[in-house]
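Following numbering that gives the first Met the number 0, the residues of the sequence shown are numbered contiguously, the last one being 305.
C-beta atoms are modelled at their ideal positions from N, C-alpha and C, and glycine is treated no differently.
A quick note: this is a predicted structure, and the numbers were derived from the prediction, not measured.
For reference, the structure is listed below as structure tokens.
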Amino acid sequence: MNILFVGAGGVGGYFGGLLAAAGENVGFIARGETLAALRERGLRLTSPEGERTVTNFHAGETAAEVADLMGGVDVVIVATKALPGNETFADIQTLRDVPIVTTHNSVEVHFDAADLFGAERVLAGVVRGYMTRTGPAEITLNPGPLSLRFGLLPGVVDTPAAAPQLVGALKNAGIGSRYYGEDGAVLTDVWMKAMFVATTGVLGAVAGKPMGYLRTELRPQLRGLMEEVAAAGRALGVDLKDDAVEINLAFCDSQYPEATSSMHRDIAAGLPNELDAQVGALRRMAQRGGVETPLLDMVHALALTR
Numbered sequence: 000m001n002i003l004f005v006g007a008g009g010v011g012g013y014f015g016g017l018l019a020a021a022g023e024n025v026g027f028i029a030r031g032e033t034l035a036a037l038r039e040r041g042l043r044l045t046s047p048e049g050e051r052t053v054t055n056f057h058a059g060e061t062a063a064e065v066a067d068l069m070g071g072v073d074v075v076i077v078a079t080k081a082l083p084g085n086e087t088f089a090d091i092q093t094l095r096d097v098p099i100v101t102t103h104n105s106v107e108v109h110f111d112a113a114d115l116f117g118a119e120r121v122l123a124g125v126v127r128g129y130m131t132r133t134g135p136a137e138i139t140l141n142p143g144p145l146s147l148r149f150g151l152l153p154g155v156v157d158t159p160a161a162a163p164q165l166v167g168a169l170k171n172a173g174i175g176s177r178y179y180g181e182d183g184a185v186l187t188d189v190w191m192k193a194m195f196v197a198t199t200g201v202l203g204a205v206a207g208k209p210m211g212y213l214r215t216e217l218r219p220q221l222r223g224l225m226e227e228v229a230a231a232g233r234a235l236g237v238d239l240k241d242d243a244v245e246i247n248l249a250f251c252d253s254q255y256p257e258a259t260s261s262m263h264r265d266i267a268a269g270l271p272n273e274l275d276a277q278v279g280a281l282r283r284m285a286q287r288g289g290v291e292t293p294l295l296d297m298v299h300a301l302a303l304t305r
């Protein structure tokens with residue numbers, strides 16, 4: 000399968016590297032030192048099982064360049080960070096009629112993609128995994144889950160031919176996957192992920208503490224943030240079960256104690272971060288649904304001062 004990744008950071012680099020190692024035809028759109036590292040020495044992947052270097056892929060600065068090297072593209076996986084001023088989708092508008100999978104930790108970005116490319120081309124994706132970019136084209140997988148689930152946006156009924164092929168390719172590479180073909184069903188997964196990653200990320204950044212502290216000393220506050228997210232999603236028609244918050248808290252309990260999110264680390268380092276794409280998006284969606292979010296408002300304001 001011909002799979003083009005926009006970005007070769009934590010998600011794009013690790014998932015793309017595993018897919019390439021499993022025999023898929025993989026390409027990366029990258030720039031600067033990351034592109035130089037990809038071309039000069041390949042991807043360096045580290046996991047609890049060991050280290051490996053992957054070199055059997057294509058890389059370039061533009062979608063057209065990489066697509067030409069690959070001999071065509073079956074699906075695009077957008078694995079950039081949703082940062083202020085960042086070119087989230089690069090120049091993939093030059094690739095016509097190719098399905099696009101979003102992977103960002105945002106309840107808005109898939110709708111942004113639909114506005115640009117048409118809802119019928121967009122597959123909203125949900126990544127789970129603790130990948131850390133330790134250097135240009137160097138990614139470490141920390142203990143925990145590893146999956147990419149994706150599906151159709153509300154109102155879209157036709158399944159792209161690439162969707163089941165991508166599920167098979169991901170599973171063959173050791174990455175868990177699932178395709179949601181029902182109308183808007185993927186949004187439940189999108190919001191469940193946001194309920195976990197946005198709340199632990201912003202609370203961790205404000206407190207300056209990892210998962211082990213959040214799920215114990217700050218558990219009531221974490222629960223309150225998650226309850227606000229759940230209320231917002233339900234107000235917008237997302238099918239979040241009665242025990243959605245408890246499921247996410249249990250998931251927190253299963254993570255290794257020192258786990259932190261990339262947003263937490265970026266805020267702590269004073270780097271451009273996904274605070275608006277994650278927490279800002281949740282607040283905007285909540286306003287759209289008529290739901291008040293005093294806790295999200297507070298931690299968002301505090302995180303802006305970091």
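- Message: On the criterion of 16 or more Cβ atoms from any shown chain inside 10 Å, does T24 qualify as buried, or is it exposed?
- Response: Just to set this straight, residue 24 is Asn in the shown sequence, not Thr. That one is buried.
- Name the DSSP beta bridge partners of H57, please? G26
- For E257, which residues from the same chain have a beta carbon less than 6 Å from its beta carbon, with the 5 sequence-adjacent residues on both sides left out? P209
- Query: Is the distance from the Cβ of L262 to the Cβ of N272 below 8 Å?
  - Reply: Here residue 262 turns out to be Met, not Leu, going by the sequence shown. Closer than 8 Å, so yes.
- Message: Measuring only the C-alpha atoms, how far is L169 from D111?
- Response: 25 Å
- My guess is that A307 and A172 are in contact by the Cβ rule of under 8 Å, so how many angstroms apart are they, rounded? Beyond the ends of the chain as shown, which are 0 and 305, falls residue 307; an answer cannot be given.
- Item | C-beta atoms of G143 and A123 nearer than 8 Å | no
- As assigned by DSSP and simplified to three states, the class of A152: Checking the sequence, you will find Leu at residue 152 rather than Ala. Correct three-state label for L152: coil.
- Item | From F88, G289, A267, residue whose alpha carbon lies closest to that of A302 | A267
- Task: Drop a sphere of 10 angstroms on the beta-carbon of R132, count the other beta-carbons inside from all chains shown, and report buried for 16 or more, exposed for fewer.
- Result: buried
- Query: Which runs of the alpha helix (DSSP H), 4 residues or longer, sit entirely within the region 139-190?
  - Reply: 161-171
- Start-to-end residues for the beta strand (DSSP E) that takes in A249: Segment 243-253 is the alpha helix (DSSP H) holding A249; no beta strand (DSSP E) there.
- Selected residue, minimal CA-CA separation from A160, among D252, E39, Y178: Y178
- Item | V228, enclosing alpha helix (DSSP H) - first and last residue | 218-234
- If we ignore side chains and look at the alpha-carbon of each, how far apart do T198 and Q92 end up? 32 Å
- To which residues of the same chain is L235 closer than 8 Å at the C-beta, ignoring the five residues directly before and after it? M284, R287, G288
- Would you tell me roughly how many angstroms separate the C-alpha atoms of A63 and T139, rounded to the nearest one? 29 Å
- Query: Rounded to a whole number of angstroms, what is the C-alpha to C-alpha distance between I76 and V108?
  - Reply: 13 Å
- Do E50 and R30 have their C-beta atoms closer together than 8 Å? no
- Task: Can you give me the Cβ contacts of V244 inside the same chain, cut-off strictly under 6 Å, excluding the 5 residues immediately before and after it?
- Result: M225, E226, A229
- Message: I'd like to confirm the pairing. Which residues does DSSP put opposite S46 in its beta bridges?
- Response: G49
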